[in-house]
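Q: Here you go, one structure.
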Amino acid sequence: MNMLNQKIYVAGHRGMVGSAIVRNLKDKGYTNIVTRTHSELDLTNQNEVQAFFDRERPDQVYLAAAKVGGIHANNTFPAEFIYDNLMVQNNVIHQAFISGVKKLLFLGSSCIYPRLAAQPMSEDALLTGKLEPTNEPYAIAKIAGIKMCESYNRQYGESHAVDYRSVMPTNLYGPGDNYHPENSHVIPALIRRFHEAKLANAPEVVIWGTGTPRREFLYVDDMAAASVFVMELDRESYDKETLPMQSHINVGFGSDITIAELAQAVAKATGYLGSISFDLTKPDGAPRKWMDSSRINTLGWRPKVDIAQGLSFAYEDAKFRL
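Last residue of the sequence shown: 1198 (this note's numbering), numbering continuous.
Pasting the structure below:
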């Protein structure tokens, strides 16, 4: 079968990452993409997921569906974050195998690494220390997803030609992001805050924390391109750069900035001209999160969109959502 004609199920196609993956696949000429909204298919429901895979029989799966949120959401809803994500992963990965799916890509998160991991964080830092407490339930679920893919590969790779891969993106932003005032990640939260401050002619914008933590950010369409790149890699190339029990691949921009620097960049992108201050009573989260992306760079992929250009793109999209 021509690869471009294979039936591809993108789980989470309405999310920021899933929608970007669909855009990338279509741009590359893939013609048979299957999607379902949450109202059409509840991925936490095993019976619904089983019926879907029995009926559709996709050839490939991109597992981009997840319950996500920022520090506030993770602290407020830890039970939902661990339960929902584990259920989605377990159902989709297992039913993909049962229905004969040979190729699957699981999307994780940089929060899988220990809070005080050496920077930049390489793939071998996984399970070497304590996680950041503010998002531990989410991180535990993502780690389980990686290990589930690896376990199915180890048990069924030779007998059933199973090839389930995992990519770990750094902090993502871009079109389709969540701009909820309490449950969003740092970039959409800042875009909303500066946009509203500009409209209100507010003299000052207050940012959570000290502004000193360093973060790496990747434009979501770059992440989608990396996801499809990893999925399309031949097995020999993928196996050469990974290990059976350390098979995940980091996807980052390659450099990081402070939250204070990010705030200045968002202010510029939104056109806000007031002052910026910091609320020291609010949590910072991990002091630094910077991914070692040398593995995927060695395989031949690099990002294209820098932070200034990406924030400009993101703000153009945000203005239709705010």
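Every residue, glycine too, gets a C-beta built ideally from N, C-alpha and C.
Nothing here was measured: the structure is a model prediction, and the numbers come from that model.
Whose C-beta lies closer than 8 Å to the C-beta of residue 1081 among residues of the same chain, with five residues either side of it excluded?
A: Within the same chain, residue 1081 has close Cβ partners 1069, 1070, 1073, 1139, 1143, 1148, 1150, 1151, 1152 and 1153.
Q: Near residue 1165, what residues of its chain come up, given a Cβ to Cβ distance below 6 Å and the 5 sequence neighbours on each side ignored?
A: Correct list, in chain order: 986 and 1091.
Q: Below 8 Å on the Cβ atoms is my contact criterion, and I expect residue 1032 with residue 982 to pass it. Report the Cβ-Cβ distance as a whole number of Å.
A: Incorrect: roughly 15 Å between the Cβ atoms, too far for contact.
Q: Quick check on residue 914: buried or exposed, where buried means 16 or more other Cβ atoms within 10 Å of its Cβ?
A: Exposed is the call here.
Q: Could you tell me the distance, in whole angstroms, from the CA atom of residue 934 to the CA atom of residue 977?
A: Rounded to whole angstroms, residue 934 to residue 977 spans 7 Å at the Cα level.
Q: Tell me whether residue 1029 sits in a helix, a strand or coil according to DSSP, three-state version.
A: Note: residue 1029 maps to helix in three-state DSSP.
Q: Assign residue 962 to one of three DSSP states: helix, strand, or coil.
A: In this structure, residue 962 counts as helix in the three-state DSSP scheme.
Q: Among 1176, 1177, 1145 and 1193, which has the Cα closest to the Cα of residue 1184?
A: Closest option to residue 1184, Cα to Cα, is 1145.
Q: If you draw a straight line from the C-alpha of residue 992 to the C-alpha of residue 1112, how long is it?
A: Approximately 33 Å, taken between the alpha carbons.
Q: Just to check my reading of the structure: residue 940 and residue 891 have Cβ atoms closer than 8 Å, yes? What is that Cβ distance to the nearest angstrom?
A: About 6 Å separates the two Cβ atoms, so the contact holds.
Q: May I ask which residues mark the beginning and end of the beta strand (DSSP E) holding residue 1205?
A: Because the chain spans 877 through 1198 in this model, residue 1205 falls outside it and cannot be assessed.
Q: So, under 8 Å CB-CB, residue 884 and residue 908 are touching, yes? Tell me the CB distance rounded to an integer number of Å.
A: The Cβ separation is near 7 Å, so the contact holds.
Q: Mapping the DSSP letters down to three states, classify residue 1095 as helix, strand or coil.
A: Of the three classes helix, strand and coil, the one that applies to residue 1095 here is strand, per DSSP.
Q: How long is the line joining the alpha carbons of residue 962 and residue 1044, rounded to whole angstroms?
A: Their backbone Cα atoms lie some 16 Å apart in a straight line.
Q: In the DSSP assignment, find the beta strand (DSSP E) that holds residue 979 and state where it starts and stops.
A: Start and end: 979-983.
Q: On the DSSP bridge list, what partners appear for residue 1134?
A: DSSP lists 1090 as partners of residue 1134.
Q: Quick one: what's got a C-beta closer than 8 Å to residue 965's C-beta in the same chain, skipping five residues either side?
A: Within the same chain, residue 965 has close Cβ partners 939, 982, 1017, 1020, 1021 and 1024.
Q: If contacts are defined as beta-carbon pairs under 8 Å, then residue 999 and residue 1126 qualify, I think. What distance do you get, rounded to the angstrom?
A: The Cβ separation is near 6 Å, so the contact holds.
Q: Whose CA, out of 957, 927, 1049 and 1035, lies closest to the CA of residue 1182?
A: Among 957, 927, 1049 and 1035, the Cα nearest to that of residue 1182 belongs to 1049.
Q: Going by the DSSP bridge assignment, what does residue 887 pair with across the sheet?
A: The partner list for residue 887 (beta bridge, DSSP) reads 939.
Q: Measuring CA to CA, which of 906, 1141 and 997 is closest to residue 1087?
A: For the residues 906, 1141 and 997, the minimum Cα distance to residue 1087 belongs to 1141.
Q: May I ask you to list the residues that DSSP assigns as paired with residue 1084?
A: Bridge partners of residue 1084: 1155.
Q: Return the CA-CA distance between residue 1105 and residue 1177, expressed in angstroms with no decimal places.
A: Straight-line Cα distance between these residues: approximately 7 Å.
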